[in-house]
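In this note's numbering, the protein residues as written are 143 to 557.
Take a look at the structure below.
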Ligand SMILES: [Zn+2]
């Protein structure tokens, strides 16, 4: 390959030409060949100060720096670059600036870009192996590239937000993600889920933009709601259907199922009782899943289960009724449906259900608010699923700022 061809292939190095190319088979730790390109400065080329960027004429001396370049086919490729130490009239002695090499960098800009591009779609470990770099180097390159690409988050014009938590470690530590529901753009990610933990977001938003927020969709946890109201008293709080139904499943369906299993057990005796007990015990997924997704034999089992047990039947029907409250567009109709639902729940005389309904009645405005702001739970689910994928890709939590940036990068927003 002629030098001109290599130069054209890699994109060239303004101010320099190739003086020599050597190829060493098996020259790298991984056993792939290694190519070394020695560059020479073009005589009389203009040089610039590495600090202020101004032109300089005086060259002190030249030091050679070894710099990583894009691979040529299967060969790891390095440059030997004679870098001039120049004397700037304004800044004093410094190393010259090159348009294709960042200050102090040990790799060309296009090489770093190539690493960053791959790190967008592959786990760090694989990218590191591919380029023969360390995990930390790849992470640092990806971090810097995301910082440059994303910049500070644009918060002007944000009218609606969705707030949700996600687990950093199973069941232990949590983080909060705040997104814009219409554009699916992640605005902020922070560790924890207390009032203090989410305060930095509202401080970043600032009083003026806080005052322009119309609606915030969230679960029924006190912390998010209290902190949102404290900064944005005008905001309408909307409760997320998915979270309310999940709460109903935990606090009502699971409770009734366990109670009924025990009650059948106390009725005692071998034979059919034991079989009935087993049916109820294993019924959780039948009771929680959507009817439409059940197989024919599962539907039959569910019908038998509900026919044999009044309480399970009641909570099952009321779960569907609860979900239906989010389908209304007219607040009057939604309120009537709620009153009907509440009446059934309270008259059921099932303690867990009555207690849940009473607590929920205090939260009614947040349920009815869905009529005015029909915000989608799909936004939350999509983001949470992506976070799980990012975790599986082993970006890990060695570095919060990096991981949170990764989440932002995955949801830059739809135009
Ligand atoms: Zn200068």
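We treat Cβ as the ideally placed atom computed from N, Cα and C, and that holds for glycine.
Could you tell me which residues DSSP puts in a beta bridge with residue i?
i: residue 322; result: 327
i: residue 240; result: 243
i: residue 166; result: 176
i: residue 249; result: 210
i: residue 360; result: 381
i: residue 200; result: 229
i: residue 546; result: None, per the DSSP bridge assignment.
i: residue 554; result: 327
i: residue 185; result: Per DSSP, none; premise fails for residue 185.
i: residue 273; result: Residue 273 is not bridged to any residue.
i: residue 221; result: 179 and 209
i: residue 235; result: 229
i: residue 513; result: Per DSSP, none; premise fails for residue 513.
When you measure from the CB of residue i to every non-hydrogen atom of ligand 1, does any distance come out below 6 Å?
i: residue 193; result: yes
i: residue 245; result: no
i: residue 248; result: no
i: residue 196; result: yes
i: residue 188; result: no
i: residue 227; result: no
i: residue 232; result: yes
With burial defined as no fewer than 16 other Cβ atoms inside 10 Å of the residue's Cβ, what is the status of residue i: buried or exposed?
i: residue 200; result: exposed
i: residue 250; result: buried
i: residue 366; result: buried
i: residue 619; result: Past the edges of the chain, shown from 143 to 557, lies residue 619, and the structure says nothing about it.
i: residue 183; result: buried
i: residue 240; result: buried
i: residue 425; result: buried
i: residue 166; result: exposed
i: residue 502; result: buried
i: residue 490; result: buried
i: residue 459; result: exposed
i: residue 433; result: exposed
i: residue 290; result: exposed
i: residue 151; result: exposed
i: residue 323; result: buried
i: residue 550; result: buried
Just to confirm, is the Cβ distance from residue i to residue j under 7 Å?
i: residue 452; j: residue 398; result: no
i: residue 473; j: residue 428; result: no
i: residue 513; j: residue 476; result: yes
i: residue 202; j: residue 231; result: no
i: residue 124; j: residue 328; result: Residue 124 lies beyond the stretch modelled for the chain, which goes from 143 to 557, so this question has no answer here.
i: residue 187; j: residue 204; result: no
i: residue 494; j: residue 394; result: yes
i: residue 277; j: residue 270; result: yes
i: residue 301; j: residue 521; result: no
i: residue 319; j: residue 525; result: yes
ask   = Do the stretch 296-312 and the stretch 357-368 meet, that is, are 3 or more Cβ pairs less than 8 Å apart?
value = yes
At least three beta-carbon pairs within less than 8 Å, the stretch 516-533 to the stretch 484-493 = no
ask   = Can you find at least 3 beta carbon pairs, one from the stretch 233-252 and one from the stretch 204-211, that sit closer than 8 Å?
value = yes
task = Would you be able to state if there are at least three C-beta pairs under 8 Å between the stretch 375-391 and the stretch 457-471?
result = yes
task = Inspect the CB distances between the stretch 332-344 and the stretch 281-288 and report whether three or more fall short of 8 Å.
result = no
query = Counting Cβ pairs, one atom from each stretch, are 3 or more of them under 8 Å apart for the stretch 189-199 and the stretch 212-224?
reply = no
The stretch 171-188 touching the stretch 148-162, judged by at least three CB pairs closer than 8 Å = yes
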